[in-house]
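Numbering (the numbering used here), first residue to last: 955 to 1021.
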């Protein structure tokens, strides 16, 4: 099983992606260095952008299947 890649975007526009451990560490460092803020692991994970996979039976919007 592969480690899922997570994505997080700060309000300032900074963005990072990676496995959970790396994403949490990078985000906590960014918060300390750029914003003089600290965030717990739980706070960081609550900010993760979760891309929901499309249902397997969904047609892409460009398929032309619309009436």
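Cβ atoms here follow ideal geometry from the backbone N, Cα and C, with glycine treated the same way.
Note that the structure is a prediction, hence the values are computed from the model and not measured.
**Request:** Tell me whether residue 989 is buried or exposed, calling it buried when 16 or more other Cβ atoms sit within 10 Å of its Cβ.
**Result:** exposed
**Request:** Note down the Cα distance separating residue 994 from residue 956, rounded to an integer number of angstroms.
**Result:** 25 Å
**Message:** Any beta carbon from chain D within less than 8 Å of residue 964's own beta carbon?
**Reply:** This model lacks chain D altogether; it includes just one protein chain.
**Asked** Is it buried or exposed for residue 981, if we count other Cβ within 10 angstroms and need 16 for buried?
**Response** buried
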